[in-house]
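**Student:**
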Amino acid sequence: MPSDVPPAPLSPREGAALLAATAEGDPFVVWRDGDGELQLLGLADRQEPLTVGRHGDLPVTWDSLVSRVHCQLVPVGSEWTVHDDGLSRNGTFVNGEKVTTRRRLRDRDALRVGGTVLQFRRPEAGSGETEVDAVAAQGQVAVTPAQHDVLRALCAPFDIARGVPPASNEDIAGALFLSVDAVKAHLRQLYARFDLTELPPHQKRDRLAREALRRGLVSTG
Numbered sequence: 051m052p053s054d055v056p057p058a059p060l061s062p063r064e065g066a067a068l069l070a071a072t073a074e075g076d077p078f079v080v081w082r083d084g085d086g087e088l089q090l091l092g093l094a095d096r097q098e099p100l101t102v103g104r105h106g107d108l109p110v111t112w113d114s115l116v117s118r119v120h121c122q123l124v125p126v127g128s129e130w131t132v133h134d135d136g137l138s139r140n141g142t143f144v145n146g147e148k149v150t151t152r153r154r155l156r157d158r159d160a161l162r163v164g165g166t167v168l169q170f171r172r173p174e175a176g177s178g179e180t181e182v183d184a185v186a187a188q189g190q191v192a193v194t195p196a197q198h199d200v201l202r203a204l205c206a207p208f209d210i211a212r213g214v215p216p217a218s219n220e221d222i223a224g225a226l227f228l229s230v231d232a233v234k235a236h237l238r239q240l241y242a243r244f245d246l247t248e249l250p251p252h253q254k255r256d257r258l259a260r261e262a263l264r265r266g267l268v269s270t271g
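For what it's worth, this note's numbering labels the leading residue of the sequence shown as 51, then goes sequentially.
Shown next as structure tokens:
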């Protein structure tokens, strides 16, 4: 069966393990297994493709939507790519976009196979606070890669027409493998960047999501 364990915020022990892996500066993959336990797999010394699937090198045995051999993580020089050349029945998705052949992975990319989400981490390449602009437009707000991830998770369920609110702090933390306190800190910084600090607390989250969509920083499509 697909995993019915919802994404969960990091516990102090899990946060310490993730921080230690990040400090090493080498690429790794992080996910929650069928019991909701955090798992990390280092990629630093691997030179061969890594198969993801129910019978793969990275086994996703609890998820029936995952194929026996679902996709491969393939090292190309100093980079990592994900390949799904028709290997899977239900497709492989990176940040919500289906992988049709192969795609280069970047730090914090969310890789979905079946109902399971893996996060690719490459701290050495993405640990800096370099600001990024999703759209080169006048008046654009620059955000860090980590803040952009929070915006993307915040807006993922948001549907104005259907009255679906933005994601909660707990949902964002679970999706991004962060603690709730870390999510709150990112949101405080984003409220300041978008000049929303003076709004009542119950309005900030909705307005931030609307502004991120309006400015083209994220998309729900």
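Note that CB positions come from ideal geometry on N, CA and C, so glycine has one too. All values derive from a computational prediction rather than experimental measurement.
Three or more C-beta pairs under 8 Å: does that hold for the segment 240-256 against the segment 69-77?
**Tutor:** They do not touch, by the three-pair rule.
**Student:** Would DSSP call PRO14 helix, strand or coil?
**Tutor:** The chain is shown from 51 up to 271; residue 14 falls before or after that span and cannot be answered.
**Student:** Can you list, in chain order, the residues of its chain whose CB lies under 8 Å from that of ARG255, leaving out five sequence neighbours each side?
**Tutor:** Cβ within range, chain order: LEU204, PRO215, PRO216, LEU237.
**Student:** Using a threshold of 9 Å, state whether the C-beta atoms of ALA58 and ALA206 are closer than that.
**Tutor:** No, the Cβ-Cβ distance between ALA58 and ALA206 is not below 9 Å.
**Student:** For LYS148, list the residues DSSP reports as bridge partners.
**Tutor:** For LYS148, which the question treats as bridged, DSSP gives the partners PHE143.
**Student:** Is the beta carbon of VAL214 within less than 8 Å of some heavy atom of the ligand NAD?
**Tutor:** No copy of the ligand NAD appears in this structure; indeed no ligand is present at all.
**Student:** Return the chain-ordered list of same chain residues with a C-beta closer than 8 Å to the C-beta of LEU68, the five sequence neighbours on each side being excluded.
**Tutor:** Same-chain partners within the cutoff: LEU60, VAL80, LEU88, LEU90, PHE227.
**Student:** Using the beta-carbon count (16 or more within 10 Å), is GLN122 buried or exposed?
**Tutor:** Label assigned to GLN122: buried.
**Student:** Who does HIS133 pair with in a DSSP beta bridge?
**Tutor:** GLN122, ARG152, per the DSSP bridge assignment.
**Student:** By how many angstroms is the C-alpha of VAL124 removed from the C-alpha of TRP130?
**Tutor:** Spanning the two alpha carbons is a distance of roughly 6 Å.
**Student:** Of the choices GLY65, VAL126, GLY86, whose alpha-carbon is the least far from that of LEU93?
**Tutor:** When each option's Cα is compared against that of LEU93, the closest is VAL126.
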